[in-house]
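For reference, the structure is listed below as C-alpha cells.
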Amino acid sequence: MATLRKTFSALTFSTICSVSLSTLIAPESVQAATLTKLTFDELPTQPVDDLSFKGVTFDFKVDGIDSTAATYNVVRTWDLSEIAGRPPGSLLYNLDLSPPVLATDAPGILTLDFTMPTAELMFDVASLVNYSPFPPMPTFTIELFNEALSSISIQQVLLDEDIIGIFPSPIRAAVLGKTFAYSGTSVKRAVIDFSNTGSVGFDNLTYQAATQTTPVPEPASVLGLLTFGALGATKVMKRKQINSAS
Ligand SMILES: [Ca+2]
Ligand SMILES: [Ca+2]
1 MATLRKTFSA
11 LTFSTICSVS
21 LSTLIAPESV
31 QAATLTKLTF
41 DELPTQPVDD
51 LSFKGVTFDF
61 KVDGIDSTAA
71 TYNVVRTWDL
81 SEIAGRPPGS
91 LLYNLDLSPP
101 VLATDAPGIL
111 TLDFTMPTAE
121 LMFDVASLVN
131 YSPFPPMPTF
141 TIELFNEALS
151 SISIQQVLLD
161 EDIIGIFPSP
171 IRAAVLGKTF
181 AYSGTSVKRA
191 VIDFSNTGSV
201 GFDNLTYQAA
211 TQTTPVPEPA
221 SVLGLLTFGA
231 LGATKVMKRK
241 QINSAS
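The numbering of the sequence shown is our numbering, which starts it at 1 and goes up by one.
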C-alpha cells in the first residue's frame, strides 16, 4: 500500500514537472512598440513597389498600375551650372534637406501598409515647382485607414509651409517642403496621392513598429534544472521503495 502511494506521488511529481516544463519552455514573446524612422539610406537604391522593410510595405501605382517610378535611396539634385554659366555638373543643388530620400519620378499613389497599426505617423515631402508670387501651390492627399481598413480620415496637404529654397528671376523656381504629422487612431494603411505634386522627395518616415523580446529565464537552463530535479526525485523514491520492501 505504502509502495503504491509512493509510486503514485512520484508519478504526480513527474506530471507536475512536465507541465511546468512546457509552461516555462514555451517562448513567450512579448510585443513592444517602438518608434521607427526610415531615412532611406538603409537599403541599396531600388524600386519601392512591393518592398517590405521594418514593418512597412510600400506600393506605388501610376494610373492604377504598379510602377517602378518610386525609388528608395535617391539623392535628388538640380543642376544649376548652365544657369550660372559654369561647366555642367559643377553646381548641384540638393532638392532635399536630408538626402537620400524615396523619390517619385511620375505622378502616382504611394501606399504604406504597416504590419502593426501605428498611432503615430510622420514624414517629410519636398517638391521642386515653378514659382511666382501667386503660385498654385502643389498639394498631396493622404487617406488613413484603421485595422479593419475603414477610412479614418482624408486630407489635402499644401506644400507651402516649410519652403526649402526659392530661386527668383530668372529661374523662378522653388523647393517647397512639408512635414506631415499624425497622432491618433492606429493606422494600418496610408494612401498618399502625389498625382498633382510632380516629382517628390519623401523622407524621414516615422511610425510605430513591433519589436519582439523573449523574457528570462532561458529555456535551456530551466530544462536542465527540472530534468535533474525530476531524476533525483525518482531515484529517492525508488530507494525508498526498495527499503520498505526489504
Ligand atoms: Ca533621408
Ligand atoms: Ca505593388
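Cβ coordinates follow ideal geometry from the N, Cα and C atoms, glycine included.
### Query
What do you reckon, is the C-beta of S67 under 7 Å from a heavy atom of ligand 1?
No, the Cβ of S67 stays beyond 7 Å of every heavy atom of ligand 1.
#### Entry: Top-ranked residue by Cα proximity to S98, from V74, S81 and L110
Looking from the CA of S98, the closest CA among V74, S81 and L110 belongs to V74.
### Query
Going by DSSP, what residues sit across from V157 in a beta bridge?
According to DSSP, which records beta bridges pairwise, V157 is partnered with F140.
### Query
Would the beta-carbon of P100 be found less than 7 Å away from any heavy atom of ligand 1?
Checking the Cβ of P100 against ligand 1 gives yes.
### Message
If I follow the unbroken beta strand (DSSP E) through I171, where does it start and stop?
### Response
For I171, there is no enclosing beta strand (DSSP E), as DSSP gives it neither H nor E.
### Message
Can you give me the C-alpha to C-alpha distance between D105 and S195, rounded to a whole angstrom?
### Response
When only Cα atoms are considered, D105 and S195 end up about 11 Å apart.
### Query
What are the boundary residues of the alpha helix (DSSP H) that A119 is part of?
Where A119 is concerned, there is no enclosing alpha helix (DSSP H), although the beta strand (DSSP E) around it starts and stops at I109 to N130.
#### Entry: A84 - containing beta strand (DSSP E), residue span
Per DSSP, A84 belongs to no beta strand (DSSP E); it is in the alpha helix (DSSP H), S81 to A84.
### Message
Buried or exposed for D50, going by 16 or more other Cβ atoms inside 10 Å?
### Response
Under this definition D50 is an exposed residue.
### Message
Using a Cβ distance threshold of 8 Å, determine whether the stretch 167-182 contacts the stretch 136-153, with at least three qualifying pairs required.
### Response
Output reads yes: the stretch 136-153 touches the stretch 167-182.
### Query
For L187 versus L144, is the C-beta distance shorter than 8 Å?
The sequence shown places Val at residue 187, not Leu. Going by beta carbons, V187 and L144 fall inside the 8 Å limit.
### Message
Below 7 Å, is the gap between the Cβ of D63 and the nearest heavy atom of ligand 2?
### Response
Between ligand 2 and the CB of D63, the shortest heavy atom gap is not smaller than 7 Å.
### Coil, strand or helix - V75 by DSSP
Looking at V75 - three-state DSSP - the assignment turns out to be coil, as it is neither helix nor strand.
### Task
Would you mind giving the Cβ-Cβ distance between L112 and F58, rounded to the nearest angstrom? I have them listed as a contact below 8 Å.
Yes, L112 and F58 are in contact; Cβ-Cβ is about 6 Å, under 8 Å.
### Query
If you drop the 5 nearest sequence neighbours on each side, which residues of the same chain put their C-beta closer than 7 Å to that of Y207?
If we look at Y207 and ignore the five residues flanking it on each side, its Cβ neighbours are T36, V56, F114, T118, E120 and L121.
### Message
Once the 5 residues before and after T68 are set aside, which same chain residues still bring their CB inside 7 Å of it?
### Response
P47 and D49, listed in sequence order.
### Task
Keeping to the same chain, check which residues put their C-beta closer than 6 Å to that of S127; ignore five residues upstream and five downstream.
Here the set comprises P138, L159, L176, T197, G198 and V200.
### Task
Measure from the alpha carbon of V191 to the alpha carbon of each residue in G64, L80 and P44, then state which is nearest.
Of all alpha-carbon atoms in G64, L80 and P44, the one lying nearest the alpha-carbon of V191 is that of G64.
#### Entry: Other residues of its chain near T211: CB distance less than 6 Å, five sequence neighbours each side excluded
Once the five neighbours on either side are set aside, the close Cβ partners of T211 are A32 and T34.
### Task
Give the secondary structure of S186 by DSSP, where H, G and I count as helix, E and B as strand, and everything else as coil.
Collapsing the DSSP output to three states places S186 in a strand.
#### Entry: Spatial distance of A70 from R86 (CA atoms)
Rounded to the nearest whole angstrom, the C-alpha separation of A70 and R86 is 31 Å.
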